[in-house]
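Student: Residue numbers (this note's numbering), protein chains in the order written: chain D, 1 to 280; chain S, 281 to 560. Sharing a structure with you now.
2 protein chains.
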Amino acid sequence: MLTNGWFFEDDMPFAVAIKIKDSLYSGKSKYQKIEILDSVTMGKVMLLDDKVMISERDEFYYHESIVHPALSIHPNPEKIMIIGGGDGGTVREVLKYKTVEEIELVEIDEEVINVSKKYFPETASELNNPKLKIKLNDAIQYIKNAKESSYDVILCDSTDPEGFAAGLISKEFYKNVSKALKENGIYICQSGSLLIQEKEFKTSLENIRTAFKYVDGLVSIVPMYPGCVWSFLIASNKLLDKKIKHMPNGKTKYWNEEIHEKLFAKPQWLKEKYFALRKV
Amino acid sequence: MLTNGWFFEDDMPFAVAIKIKDSLYSGKSKYQKIEILDSVTMGKVMLLDDKVMISERDEFYYHESIVHPALSIHPNPEKIMIIGGGDGGTVREVLKYKTVEEIELVEIDEEVINVSKKYFPETASELNNPKLKIKLNDAIQYIKNAKESSYDVILCDSTDPEGFAAGLISKEFYKNVSKALKENGIYICQSGSLLIQEKEFKTSLENIRTAFKYVDGLVSIVPMYPGCVWSFLIASNKLLDKKIKHMPNGKTKYWNEEIHEKLFAKPQWLKEKYFALRKV
C-alpha cells in the first residue's frame, strides 16, 4: 500500500513502512508486477507483486546470509545452482569463492534481471560474468529434469511460496533437489519470517526433512522484510560440518566468522519447538 | 500515525507498520502521551509519545536481551538499579537470578507503571515483588546523588535519548553511573536502531568510552522497533568476562547459552567502523 508518501506491504498484519521519495518504474512482466521505488533511507527498493524483494541499503544482509553459511562450509564448491535470484545479489556473493566454476541461475522472469541491471547496478554487478549461465525456466520443472548428483550447492533465493513459487516447499521438489546434489552437496533456502510466516516455515521444515538426512535452521536479519527476523534452512545428506573451510575472496558487510556461528544459534522458543533432540 | 487501521511511527523514514484492531486506552501523564492499541498479530502494544515501547508478543526479545547478557556474567549480582523500565519486563527477568536481593526501579512516570499493570499483566507480573523498590525520580538526578560503589548491575531500559531522556547518553551521566557501580559492576543500556539511529549510537559509544575502561556492543533483534536490528552497550571498569557464571532460574523464550555468545557477534561493517582494535 502506498499512502501519504509511505509504502508498506499490507497483505499481512505486520510490515515495514518506508518513506518514499519517488516511483521510478512500474511494469508488468508475464509473471508479476515489478516496481521500483526510491526511498528516503533505504535507497532504491524493488517490489514484486507489492512485496519488497531488495533495497539498495540492506540487500547485503539477505544475500550474505543465504550464500556464506553454505559456500564457506562446503569443501570444494564448483558447480552451483541458484533458483530465483534474478537481482544478482546471490550470484555476486557466490562468485567470491575461487573454487566456483559454473553457476546456473534458474530465474523464471527475465524482466527481473533486466530491471535489476538498470536500477541496481551494484547488486547486479556480476550478471554478465562468464561463469554464469542464465536459464529462463520454472525451477520446479528444471530441477525435475536436472542431471543427478551434479551440483555442489543449490541455493533457493525465491519469493514467498505462493502462486508460481508454491511448489518450492513441496516434498517432491525437495526430493528432486536432493537427487540433483552430489553426495556431499548442500541445499540452502530462505524460509520466511519467523514472526508472521511460521505456518509456511513449519511446512518447509517438515517437507525438507523427508528428503534430506540432515537439516538445520539459520536465523538472520533482513531489516526490510516483514518481521525482520528471517529464517533459512540448510540441508545435506552428509553430516553438516559447520566449520568454515574457506573464506570468501572479497569484502563482506555483514558475514564474518563470528556471524557465521551466530546464524546457527536459535532463539530458545524456536529451538524447543522445532529443533530439540533433532539430528542436524 | 494511525491510518486505515494501521499504526506506524512516522517520525523517522523507516518504521514497523502493524494492523490495529482497537484503541484500548489513550491518556496523558505529566511527562508523555500514553496509548494502548490492540493489534492483529502482536497483541497489545504500548506507545509513549507515539513510539512503540512494547508489544505483548515480542517484548521478551528486548527484555531478555538487556538483562541476561549482564546478569549471567556478573559473579554475584545482588543490588540492581533499573532506569526506566516501568512496564516491568526488565524487573521480571532480573528476578530470575537467585542472588538478587534488591532492585531499585527508577522510573520517572508513575502512569507507565499503572497502565502496564492494567494492560500488560504478564510483563508487569513482578512489579509488586517485595525485593523491588520503586523510585519515582528522574534517573539523571537520581544517579548523580547515588551512593558510590553500591550497585552490582545498572540497566538503562529507557526511551530514546530525546526530551527528558536526552541526558542518558551524556558523558556526565555515564561518569555518574560508573561511580555508582561497585568495582566489578556492570552497566548495560539499549542504544538504539543500527539502521536509523546510528548518530545516537555513535554519540553513546563515544561518551560511554570516556567513563568506563571496557565497553562492548551487543546486537539483538526487536521485531517491533524501527529497523529491528537493535543495539545495546555493556560497560565495566573490570575486564568483561563474557562467560556465563550462572543461569537464570526460570524459563526464557529467546536467550540461551548459544544466543548469549552470539549477541556479542557484530556485523562486519559495525565491527570495522566502531569496534576494530578496541579493548572490550
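All C-beta atoms, glycine included, are put in the ideal place defined by N, C-alpha and C. Only a predicted model underlies this, so the values are computations on that prediction, with no experimental measurement involved.
1) What residues in its chain sit with their C-beta under 7 Å from that of residue 208 of chain D, if we drop five residues either side in the sequence?
2) For residue 261 of chain D, which residues from the same chain have a beta carbon less than 6 Å from its beta carbon, with the 5 sequence-adjacent residues on both sides left out?
3) Please state the DSSP three-state secondary structure of residue 274 of chain D.
4) Taking the C-alpha atoms as reference points, what is the distance between residue 410 of chain S and residue 20 of chain D?
5) State the Cα-Cα distance for the pair residue 335 of chain S and residue 326 of chain S, rounded to the nearest angstrom.
6) Measuring only from the beta carbon, is residue 325 of chain S closer than 6 Å to any heavy atom that is part of the ligand ZN?
7) Kindly list, in the order they appear in chain S, the residues whose Cβ is closer than 8 Å to that of residue 128 of chain D.
8) Classify residue 280 of chain D as helix, strand or coil using the three-state DSSP reduction.
9) With DSSP as the reference, label residue 404 of chain S as helix, strand or coil.
10) So, does the stretch 161-169 of chain D touch the stretch 138-152 of chain D, judging by three or more C-beta pairs under 8 Å?
11) List the residues of chain S that residue 122 of chain D touches, going by C-beta distances under 8 Å, in chain order.
12) In chain S, what lies closer than 7 Å to residue 227 of chain D by C-beta?
13) Around the C-beta of residue 546 of chain S, are 16 or more other C-beta atoms found within 10 angstroms, so that it is buried, or is it exposed?
14) So, residue 543 of chain S versus residue 475 of chain S, is the Cβ gap smaller than 7 Å?
15) Give the interface partners of residue 252 of chain D over in chain S, defined as CB-CB distance under 8 Å, in chain order.
16) In three-state DSSP terms, what is residue 192 of chain D?
17) Is the shortest distance between the beta-carbon of residue 314 of chain S and the beta-carbons of chain D less than 7 Å?
18) CB-CB under 8 Å to residue 295 of chain S, same chain, minus the five flanking residues each way: which ones, in chain order?
19) Determine the closest residue to residue 490 of chain S out of S:470, S:459, S:510 and S:408, with distance taken between C-alpha atoms.
20) With a CB to CB cut of under 7 Å and the five nearest residues on each side skipped, what residues in its chain are close to residue 279 of chain D?
21) At 4 residues or longer, what runs of the alpha helix (DSSP H) sit wholly inside the stretch 330-376 of chain S?
22) Please check if any C-beta of chain D sits within less than 7 Å of the C-beta of residue 559 of chain S.
23) For the 8 Å Cβ check, are there 3 or more pairs between the stretch 269-277 of chain D and the stretch 355-374 of chain S?
24) Closer than 7 Å, Cβ to Cβ, to anything on chain S: give me those residues from the stretch 183-203 of chain D, in chain order.
25) Quick check for students: name the residue ranges of the beta strand (DSSP E) that lie wholly in the stretch 197-272 of chain D, counting only runs of 3 or more.
26) Scan the stretch 64-89 of chain D for residues whose Cβ lies nearer than 9 Å to a Cβ of chain S and list them as they occur along the chain.
27) Using CA coordinates, which residue listed in D:82, D:51, D:122 and D:41 is at the minimum distance from residue 34 of chain D?
28) When DSSP labels each residue in this structure, what does residue 327 of chain S get in the three-state scheme?
29) State the start and end residues of the unbroken beta strand (DSSP E) segment that holds residue 303 of chain S.
30) Quick check on residue 27 of chain D: buried or exposed, where buried means 16 or more other Cβ atoms within 10 Å of its Cβ?
31) Count the other CB atoms, across all protein chains shown, that sit within 10 Å of the CB of residue 23 of chain D; report buried if there are 16 or more and exposed otherwise.
32) Of the choices S:309, S:322, S:310 and S:311, whose alpha-carbon is the least far from that of residue 286 of chain S?
33) Can you list, in chain order, the residues of its chain whose CB lies under 8 Å from that of residue 482 of chain S, leaving out five sequence neighbours each side?
34) Helix, strand or coil for residue 136 of chain D per DSSP?
35) Residue 449 of chain S by DSSP, collapsed to three states: which one?
36) Taking Cβ-Cβ distances shorter than 9 Å, what residues in chain D pair up with residue 322 of chain S?
Tutor: Straight from the coordinates:
1) Looking up residue 208 of chain D in the first sequence gives position 208. 174, 215, 233 and 235.
2) Along the first sequence, read from residue 1 onward, the residue named residue 261 of chain D stands at position 261. Answer for residue 261 of chain D: no residue qualifies.
3) Here residue 274 of chain D is taken as the residue at index 274 of the first sequence, counted from 1. If DSSP states are grouped into helix, strand and coil, residue 274 of chain D belongs with the helices.
4) Residue mapping note: residue 410 of chain S aligns to position 130 of the second sequence, counting from 1. Residue mapping note: residue 20 of chain D aligns to position 20 of the first sequence, counting from 1. Going from the Cα of residue 410 of chain S to the Cα of residue 20 of chain D covers about 50 Å.
5) Reading the second sequence from its first residue, position 55 is the one you call residue 335 of chain S. Reading the second sequence from its first residue, position 46 is the one you call residue 326 of chain S. Between residue 335 of chain S and residue 326 of chain S, the C-alpha separation is close to 6 Å.
6) This structure lacks the ligand ZN, and indeed carries no ligand of any kind.
7) Position 128 of the first sequence, counted from the first residue, corresponds to residue 128 of chain D. The premise fails here: residue 128 of chain D is roughly 27 Å from chain S at the closest Cβ pair, so nothing lies under 8 Å.
8) Taking the first sequence and counting its residues from 1, the one referred to as residue 280 of chain D is at position 280. Only weak support exists for where residue 280 of chain D lies, its pLDDT of 45 falling under 50; the value from the coordinates is given anyway. Coil, per DSSP.
9) To locate residue 404 of chain S, count along the second sequence from 1; it is residue 124. Residue 404 of chain S falls in the coil class under three-state DSSP.
10) yes
11) Position 122 of the first sequence, counting from 1, holds the residue named residue 122 of chain D. Simply none; closest approach about 15 Å.
12) By 1-based counting over the first sequence, the position of residue 227 of chain D is 227. Correct list: 503.
13) By one-based count along the second sequence, residue 546 of chain S stands at place 266. Classification for residue 546 of chain S: buried.
14) Sequence index remark: in the second sequence, residue 543 of chain S carries index 263 (1-based). Sequence index remark: in the second sequence, residue 475 of chain S carries index 195 (1-based). Result no, Cβ atoms of residue 543 of chain S and residue 475 of chain S do not sit closer than 7 Å.
15) Translated into the one-based positions of the first sequence, residue 252 of chain D becomes position 252. The contacting residues are 548.
16) As a working mapping, residue 192 of chain D is identified with position 192 in the first sequence. Residue state, collapsed to three classes: strand.
17) Along the second sequence, read from residue 1 onward, the residue named residue 314 of chain S stands at position 34. No, residue 314 of chain S does not count as interfacial toward chain D.
18) Indexing the second sequence from 1 puts residue 295 of chain S at position 15. Closer than 8 Å at Cβ, skipping near neighbours: 288, 289 and 506.
19) Within the second sequence, the letter at position 210 stands for residue 490 of chain S. Nearest C-alpha to residue 490 of chain S: S:459.
20) As a working mapping, residue 279 of chain D is identified with position 279 in the first sequence. At residue 279 of chain D the pLDDT is 46, less than 50, meaning the model places this residue with poor confidence; the figure from the coordinates comes in the next sentence. Excluding positions up to five away in sequence, the list reads 214.
21) 339-351 and 369-374
22) Position 279 of the second sequence, counted from the first residue, corresponds to residue 559 of chain S. Low confidence applies here, because residue 559 of chain S scores a pLDDT of 46, under 50, leaving its location unreliable and the question unanswered by this model.
23) no
24) 195 and 196
25) 214-221 and 229-236
26) 64
27) Locating residue 34 of chain D in the first sequence gives position 34, counting from the first residue. Residue 34 of chain D has its Cα closest to that of D:51, out of D:82, D:51, D:122 and D:41.
28) Counting from 1 along the second sequence, the entry for residue 327 of chain S is found at position 47. Strand.
29) Here residue 303 of chain S is taken as the residue at index 23 of the second sequence, counted from 1. Its beta strand (DSSP E) spans residues 294-308.
30) Taking the first residue of the first sequence as position 1, residue 27 of chain D is located at position 27. Result: exposed.
31) In the first sequence, residue 23 of chain D corresponds to position 23, counting from 1. Exposed: under 16 other Cβ atoms inside 10 Å.
32) Taking the second sequence and counting its residues from 1, one reaches residue 286 of chain S at position 6. When each option's Cα is compared against that of residue 286 of chain S, the closest is S:322.
33) The count along the second sequence starts at 1 and reaches residue 482 of chain S at position 202. So the list reads 554, once near-sequence residues are dropped.
34) Along the first sequence, read from residue 1 onward, the residue named residue 136 of chain D stands at position 136. Here residue 136 of chain D sits in coil by DSSP.
35) As a working mapping, residue 449 of chain S is identified with position 169 in the second sequence. Helix, per DSSP.
36) Sequence index remark: in the second sequence, residue 322 of chain S carries index 42 (1-based). Result: 13, 14 and 195.
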